[in-house]
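Chemist: Quick one: the structure is below, and I'll ask about it shortly.
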């Protein structure tokens, strides 16, 4: 039976290059890779992944605890998943989706017990999250995309909501706005302790209060209709609002529609700034939305790299990475005109 | 060392129930599952997935050849991936993402050579697709989401573009429209032989010709700006157009914006029907888009089920499944008013 040595000899490369071509641990040019594959075919060499994983006691599989269909809207989630899969691939690992369904504790325990994955990425983290407790007890390497209330000893990469909200307010206040309302995710997500809802809400309250400005904030279900209803209620209660910060893509589009129906022009009468969104979603709006784009690609890359270091024992420090959303000024924010 | 028998005894269930709880092959109530997990913990039982896969010569892993970031916009792709992951889970399998990057032949060969996956799902299929040739030669079980030009002997689940376009035209013609333009995906996707672009374009030409109506069709890059430009050009060349069929979400939103800027009201002056789209994208539009929703969930389910039957040798016939998009009438189509 042919060995990796035989393949290397026939392809005219080193054994490590053959290994790199198979695992993706280091880059190999397409030409070299093609030569190695040709040699493997000629010799009938089969680098059985299962046999390799038994030898190394590693499967080179990373599982992503995947929350399921309800997240389907978010362009950010898809960017994150794609980035995580591509980063894993570059590092010689594979990303496996592990959908949670309705039994998150059972599914997390199944994942731990099956020992199929060397490590776990957890997304949609809540402040108090039983999945995190289970993973910690099991001593499975894991990294959070998001973070629990007390994440001191845990690896995480999360959006920096405090800086994001501060930057959003700096942009709007710099344009002369003072009556600024915040439309966030649903009350249900707050009650569930969903990190972004809790942290963005707290940041908005703190930064407005520090500036001596009134705090007007609403939770809103994740639908265009709910966004319409919130806008109607808001302007009834606070007719002097001149700017809106939203963190809820479907509601943002509903809010824009309701403002149009009510004869309020964006941005002449009302500025709208959508945070933790994505340029792809912004491009669907007319006028094009000013957004603060969620760093889905960066979080996927950092989270996977850190997790692999943790798996391989090469990590020098706990990952505590907070990345703010980036301001992308488009057509829905402008200087305040109303007195 | 504890065995599965010991776990079953302590949990008060049969050995097969323990197996079902671990593999997900059949449903087990959360209560039973919790009891089994408690027994496993008490006994320190570790059902090593790798050992099991060696015993069965199967890994119970399905790889999804995943095209990468450029698809990020599509709500349909995320629905498909989520449905595929959940169906695999229900059947006791795992879905692994295998991003292709720039070297699709090399990555496909790597996937085949590593023997990590029992079977492969291929998405974004082109009429002439080298990945399909490689998989066929390797005798790896695979299922196409989409289909090649000659897919006679292959398992596939695809959108039925012919029925979709016919149903779209029936809806618009039933409303009195006769001057109907089609805005599709980019010329680049046509040149690459991307199945949806080719098949929807052919269907539009055939069904319009059969009805004795003029064929006005345009390719359009996947951006709102390109959608705007196409609309400007279309109405310059064909001022009598009263209805638009689009198959390109970003372009659809650009087209709607350009129609608004030009003072053309939707649907009073122009009806807009977006095909192979999703209700989630439709809900972002104002007015809410009439769409034909792509069957992402159905394709994920059928594709995975068929692939597992193929892997396990229980498939009775080749899968040739064509599912049309479903018409969802919302606020952008109405009877023709212009004479």
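Residue numbers (this note's numbering), protein chains in the order written: chain A, 1 to 339; chain B, 1001 to 1339.
For each residue, glycine too, the CB sits at the ideal point set by N, CA and C.
If you're wondering where the values come from, they're calculated on a predicted model, not measured in any experiment.
Using alpha carbons as the reference points, say which of 1246(B), 1247(B), 1335(B) and 1108(B) lies closest to residue 985(B).
Modeler: Outside the displayed span of chain B (1001 to 1339) sits residue 985(B), for which this structure offers no information.
Chemist: How many Å lie between residue 11(A) and residue 30(A) at the Cα?
Modeler: Whole-angstrom Cα-Cα distance: 13 Å.
Chemist: Cα-Cα, which of 231(A), 115(A) and 280(A) is closest to residue 59(A)?
Modeler: If we check each option's Cα against that of residue 59(A), 115(A) comes out closest.
Chemist: Threshold first: 3 residues or longer. Then list the beta strand (DSSP E) segments lying entirely within the region 1196–1275 of chain B, N to C.
Modeler: Within the region 1196–1275 of chain B, the complete beta strand (DSSP E) runs of at least 3 residues are 1216–1219 and 1243–1246.
Chemist: So residue 89(A) contacts chain B; which residues on that side make the cut at Cβ distance below 7 Å?
Modeler: The answer, in chain order, is 1099.
Chemist: Relative to the C-alpha of residue 95(A), which residue among 1113(B), 1087(B) and 1061(B) is closest?
Modeler: The option with the nearest alpha carbon to residue 95(A) is 1061(B).
Chemist: Spell out whether any CB of chain A is found under 8 Å from the CB atom of residue 1106(B).
Modeler: Yes, contact with chain A.
Chemist: Would you mind reading off the limits of the beta strand (DSSP E) that contains residue 1039(B)?
Modeler: Careful: residue 1039(B) lies outside any beta strand (DSSP E), inside the alpha helix (DSSP H) at 1030–1043.
Chemist: At the level of alpha carbons, what is the spacing between residue 197(A) and residue 1013(B)?
Modeler: Those two C-alpha atoms are separated by around 42 Å.
Chemist: Could you pull out every residue in the same chain whose Cβ sits closer than 7 Å to the Cβ of residue 1259(B), ignoring the five residues on either side in sequence?
Modeler: Correct list, in chain order: 1231, 1266 and 1270.
Chemist: With residue 238(A) and residue 184(A) assumed to form a contact (beta carbons below 8 Å), what rounded beta-carbon distance in angstroms separates them?
Modeler: About 16 Å; that fails the 8 Å criterion.
Chemist: Roughly how many angstroms lie between the CA atoms of residue 138(A) and residue 317(A), to the nearest whole one?
Modeler: The alpha-carbon atoms of residue 138(A) and residue 317(A) are separated by roughly 20 Å.
Chemist: Count the C-beta pairs between the region 176–192 of chain A and the region 146–157 of chain A that are closer than 8 Å, then say yes if the count reaches three, no if not.
Modeler: Contact between the region 176–192 of chain A and the region 146–157 of chain A is absent, because fewer than three Cβ pairs lie under 8 Å.
Chemist: Out of curiosity, what's the CA-to-CA distance linking residue 263(A) and residue 337(A)?
Modeler: Residue 263(A) and residue 337(A): Cα-Cα distance of roughly 16 Å.
Chemist: Quick one: list the residues of chain B neighbouring residue 103(A), beta-carbon separation under 8 Å, in chain order.
Modeler: Ordered by position in chain B, the residues that pass the 8 Å Cβ test against residue 103(A) are 1030 and 1033.
Chemist: Consult DSSP for residue 314(A) and reduce its assignment to one of helix, strand or coil.
Modeler: Three-state DSSP puts residue 314(A) in coil, outside helix and strand.
Chemist: State the DSSP-derived secondary structure class of residue 81(A), mapped to helix, strand or coil.
Modeler: Note: residue 81(A) maps to helix in three-state DSSP.
Chemist: Would you check if the region 275–294 of chain A and the region 121–133 of chain A touch, i.e. whether three or more CB-CB distances between them fall below 8 Å?
Modeler: In short, these stretches do not touch, since the Cβ pair count stays below three.
Chemist: Examine chain B for any beta-carbon lying closer than 8 Å to the beta-carbon of residue 276(A), and answer yes or no.
Modeler: No, residue 276(A) does not count as interfacial toward chain B.
Chemist: Taking only the alpha-carbon atoms, compute the straight-line gap between residue 234(A) and residue 1105(B) and give it to the nearest angstrom.
Modeler: Between residue 234(A) and residue 1105(B), the C-alpha separation is close to 55 Å.
Chemist: So residue 293(A) and residue 277(A) are in contact, right, with Cβ under 8 Å, and what is the actual spacing, rounded?
Modeler: Correct: roughly 6 Å between the Cβ atoms.
Chemist: According to the neighbour-count rule (16 or more other Cβ atoms, all chains shown, within 10 Å of its Cβ), is residue 1226(B) buried or exposed?
Modeler: Result: buried.
Chemist: When Cβ atoms are compared, which residues of the region 276–299 of chain A fall closer than 7 Å to chain E?
Modeler: Looking at the structure shown, chain E is missing, and the protein chains on hand are A and B.
Chemist: Could you tell me which residues DSSP puts in a beta bridge with residue 1119(B)?
Modeler: DSSP output for residue 1119(B) lists 1062(B) as bridge partner(s).
Chemist: Less than 8 Å between the CB atoms is what I'm expecting for residue 1160(B) and residue 1306(B), so what's the real figure, rounded?
Modeler: Rounded, the Cβ-Cβ distance is 16 Å, inconsistent with contact.
Chemist: Which of the residues in the region 174–189 of chain A, read from start to end, lie with their CB under 7 Å from any CB of chain B?
Modeler: Residues: none.
Chemist: Starting from residue 138(A) and walking both ways along the alpha helix (DSSP H), at which residues does that stretch end?
Modeler: Run containing residue 138(A): 130–138, per the alpha helix (DSSP H) assignment.
Chemist: For residue 202(A), count neighbouring Cβ atoms within 10 angstroms of its own Cβ and tell me buried if that reaches 16, exposed if not.
Modeler: That one is exposed.
Chemist: My assumption, with CB atoms under 8 Å, is that residue 1368(B) sits in contact with residue 1303(B). Please give the rounded CB distance.
Modeler: Only positions 1001 to 1339 of chain B appear in the structure, and residue 1368(B) is not among them; the question remains open.
Chemist: Which one of 131(A), 172(A) and 177(A) has the shortest CA to CA distance from residue 109(A)?
Modeler: Of the listed residues, the one whose Cα sits closest to residue 109(A) is 131(A).
Chemist: For residue 10(A), does the three-state DSSP call read helix, strand or coil?
Modeler: DSSP places residue 10(A) in helix when its eight states are reduced to three.
Chemist: What residues match up with residue 1194(B) in a beta bridge as DSSP calls it?
Modeler: DSSP, once it has assigned bridges, lists 1126(B) as partnering residue 1194(B).
Chemist: How would you call residue 39(A), buried or exposed, if buried means at least 16 neighbouring beta carbons within 10 angstroms?
Modeler: Residue 39(A) is buried by the Cβ-count criterion.
Chemist: Looking only at its own chain, which residues have a Cβ that is under 8 Å from the Cβ of residue 1141(B), when we skip the five neighbours before and after it?
Modeler: These residues qualify, in order along the chain: 1118, 1119, 1120, 1307, 1310 and 1311.
Chemist: With a threshold of 8 Å between beta-carbons, can residue 1255(B) be considered close to chain A, or not?
Modeler: For residue 1255(B), the answer is no, since every Cβ of chain A falls outside 8 Å of its Cβ.
Chemist: Say whether chain A places a C-beta atom closer than 8 Å to the C-beta of residue 1109(B).
Modeler: With 8 Å as the cut-off, residue 1109(B) counts as an interface residue toward chain A.
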